[in-house]
Amino acid sequence: MAMAPTVKVVLGSIAFAVFWVLAVFPAVPFMPIGRTAGSLLGAMLMVLFQVLTPDQAYESIDLPILGLLFGTMVVSVYLERADMFKYLGKLLSWKSKGPKDLLCRICLFSAISSAFFTNDTSCVVLTEFVLKIAKQQNLPPHPFLLALASSANIGSATTPIGNPQNLVIAVQSKIPFGKFLFGIVSATVVGICVNALILLCMFWKVLSVQKDEEEPPMELAPEEDVNSHRFSPATMSHLTSDQNSHDYHDTMSCHSCHGVSGRMDLRSRVVGGYEDNEIDLKDANGTKDATENGSLEKKDERVIVSSVKESSDLGLEDIDEKSAKWKMILWKIGVYVITVGMLISFLVELNMSWTAITAAMALVVLDFKDARPCLEKVSYSLLVFFCGMFVTVEGFNRTGIPSAIWDFMEPYSRIDQVTGVAVLAVVILVLSNLASNVPTVLLLGSRVAAAAATISPEKEKKAWLILAWVSTVAGNLSLLGSAANLIVCEQARRAQNCGYNLTFWAHLKFGLPSTIIVTAIGLTLIRA
Numbered sequence: 001m002a003m004a005p006t007v008k009v010v011l012g013s014i015a016f017a018v019f020w021v022l023a024v025f026p027a028v029p030f031m032p033i034g035r036t037a038g039s040l041l042g043a044m045l046m047v048l049f050q051v052l053t054p055d056q057a058y059e060s061i062d063l064p065i066l067g068l069l070f071g072t073m074v075v076s077v078y079l080e081r082a083d084m085f086k087y088l089g090k091l092l093s094w095k096s097k098g099p100k101d102l103l104c105r106i107c108l109f110s111a112i113s114s115a116f117f118t119n120d121t122s123c124v125v126l127t128e129f130v131l132k133i134a135k136q137q138n139l140p141p142h143p144f145l146l147a148l149a150s151s152a153n154i155g156s157a158t159t160p161i162g163n164p165q166n167l168v169i170a171v172q173s174k175i176p177f178g179k180f181l182f183g184i185v186s187a188t189v190v191g192i193c194v195n196a197l198i199l200l201c202m203f204w205k206v207l208s209v210q211k212d213e214e215e216p217p218m219e220l221a222p223e224e225d226v227n228s229h230r231f232s233p234a235t236m237s238h239l240t241s242d243q244n245s246h247d248y249h250d251t252m253s254c255h256s257c258h259g260v261s262g263r264m265d266l267r268s269r270v271v272g273g274y275e276d277n278e279i280d281l282k283d284a285n286g287t288k289d290a291t292e293n294g295s296l297e298k299k300d301e302r303v304i305v306s307s308v309k310e311s312s313d314l315g316l317e318d319i320d321e322k323s324a325k326w327k328m329i330l331w332k333i334g335v336y337v338i339t340v341g342m343l344i345s346f347l348v349e350l351n352m353s354w355t356a357i358t359a360a361m362a363l364v365v366l367d368f369k370d371a372r373p374c375l376e377k378v379s380y381s382l383l384v385f386f387c388g389m390f391v392t393v394e395g396f397n398r399t400g401i402p403s404a405i406w407d408f409m410e411p412y413s414r415i416d417q418v419t420g421v422a423v424l425a426v427v428i429l430v431l432s433n434l435a436s437n438v439p440t441v442l443l444l445g446s447r448v449a450a451a452a453a454t455i456s457p458e459k460e461k462k463a464w465l466i467l468a469w470v471s472t473v474a475g476n477l478s479l480l481g482s483a484a485n486l487i488v489c490e491q492a493r494r495a496q497n498c499g500y501n502l503t504f505w506a507h508l509k510f511g512l513p514s515t516i517i518v519t520a521i522g523l524t525l526i527r528a
């Protein structure tokens, strides 16, 4: 693409610069409006500066990507309601054999959950689990938080639904879900192992230290808190029934004692809720004693009737609770079946956007109640951010600057040469940390693929997979490299009773070597 007129180039660059600053630094002092508003501002400036016409702006919005993103977010909301992530939390601490075993488990489960339910979702729901488990076992949270964030990024590279940039690549490249998965899964598996090994080497001494003083038991996170975000009080119906029975026998025993002190022989037999009382008068004041004992008998009868009613009510409550429990179990099974069906549909190469939307609507119908509370949990701000970003990046592309830069880099970035792959990886790595990974994919994707297509169709597919791998793993370089990192940092900082501040430099000390090593090893394992 030739360079646009100078005025359009300058104005388009200004609009893109505004978008970039607000996307990378959403709380800048001179314009603290956030990423989403910054994205819309950049899009508006592209139209206002006449870099794009309104019709071109609307056409640049990729609806299949938005549909796929929306559908997967709705599915993730229902999976969280179905306690899928709670069960993952339980597996993290189940029969753990020490800090090193726990760190490896976090790497594994974070990667698997991110591959199928996005890295951001996994980090949101697993961060608190990790913090509480670390506190319960009296361990420093730093290495476990790094394991969670970095493994989530690496694992999300495995599938087209693992992260937003992969969604873009899957839609633009039209690579089927199965071929995408099998082309990159070996790089992901080895990358997770290497990442865990780097963490173990860096924090071996920290994970090997056994502290002499343990925290008092009352300060530890309860097991239920570690395994679940929600507190569900245990049902005490059986204990209540036993207690009522015990109180009833105590009452009858007490009345018998009063009968003896009043020189009466009171023998009560309760059969089917009725009493048969035999009273022998033993003194001259028998009439008065009989009247008093008659009052006692009426009280006894009321106690018995009340006890029977309570027992009946408790029995009905038990039945209702069992019925509700089975309904919940069946509903959870339905949620899991629908989710597995969605993944199978992806593998058989059905349209991913409409498959995700169909699965989302199937879950809404299965829930059989007002879907507004669940739909309100969808990140609509992210969808709006994508709309603005599509327009802004398209406007910047029309200035001709990205094409000019790529024309300069293309001779050195040939996909059929080792040096070319290395140069391309460095460019993607740098741009992903400067401009964020999704804009990088939008700017480079079609150009990298077109250059590779001149060699062979297989090289074109490999170029897309390399772009997916490098742009995703690049998020581990620094704390600002991906949204997953920021989510873990913010969730950890705000966690009650077990908060931890993961600093930029603490992350960089691990992120820099891990990103370079994992990216390099993964590039040798990607298959077209």
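For the sequence shown, full-length UniProt numbering assigns the number 1 to the initial residue and increments by one for each residue that follows.
Quick reminder that beta carbons are idealized off the backbone N, C-alpha and C, glycines included.
For clarity, every value in this text was computed on a predicted model and none was experimentally measured.
Leaving out the 5 sequence neighbours to the left and right, which residues in its chain are closer than 7 Å to residue i when beta-carbon positions are compared?
i           : result
residue 43  : 57, 388, 391 and 392
residue 11  : 49 and 51
residue 347 : 177 and 178
residue 435 : 20
residue 36  : 381, 384 and 385
residue 2   : 400
Have a look at residue i and residue j and give me their C-alpha separation to the nearest angstrom.
i           : j           : result
residue 385 : residue 439 : 11 Å
residue 419 : residue 13  : 31 Å
residue 25  : residue 431 : 15 Å
residue 221 : residue 88  : Any reading at residue 221 must be qualified, since the residue scores a pLDDT of 40, below 50, and its modelled position is unreliable; no value is offered.
residue 529 : residue 465 : Residue coverage of the chain in this structure runs from 1 to 528, which leaves residue 529 outside it and unanswerable.
residue 358 : residue 71  : 8 Å
residue 30  : residue 517 : 38 Å
residue 196 : residue 330 : 37 Å
residue 354 : residue 208 : 49 Å
residue 38  : residue 324 : 46 Å
residue 525 : residue 186 : 6 Å
Enumerate in chain order the residues of its own chain whose CB-to-CB distance from residue i is below 8 Å, with the five nearest sequence positions on each side excluded.
i           : result
residue 510 : 146, 150, 198, 199 and 202
In this structure, how does DSSP classify residue i when only helix, strand and coil are distinguished?
i           : result
residue 523 : helix
residue 400 : coil
residue 348 : coil
residue 411 : helix
residue 78  : helix
residue 25  : coil
residue 167 : helix
residue 118 : coil
residue 510 : helix
residue 89  : helix
residue 4   : coil
residue 13  : helix
residue 343 : helix
residue 113 : helix
residue 379 : coil
residue 354 : helix
residue 332 : helix
residue 83  : coil
residue 161 : coil
residue 139 : coil
residue 406 : helix
residue 106 : helix
residue 176 : coil
residue 96  : coil
Please list, in chain order, all residues of the same chain as residue i whose beta carbon is under 6 Å from its beta carbon, the five residues on each side excluded.
i           : result
residue 423 : 412 and 413
residue 61  : 387 and 390
residue 501 : 493
residue 40  : 388
task: May I have a chain-ordered list of the alpha helix (DSSP H) segments no shorter than 4 residues that lie completely inside the region 416-504?
output: 418-435, 437-453, 457-473 and 483-494
task: Pick out the complete alpha helix (DSSP H) segments inside the region 20-75, 4 residues or longer, and give them in chain order.
output: 34-48 and 54-60
The region 84-99 / the region 340-356 touching (three or more Cβ pairs under 8 Å): no
message: Below 8 Å, how does it come out for the region 370-384 and the region 179-186: are there three or more Cβ pairs, yes or no?
response: no
The region 127-136 touching the region 476-492, judged by at least three CB pairs closer than 8 Å: yes
- prompt: Do three or more CB pairs link the region 104-118 to the region 359-371 at distances below 8 Å?
  reply: no
The region 453-469 in contact with the region 163-171 per 3-pair CB rule at 8 Å: yes
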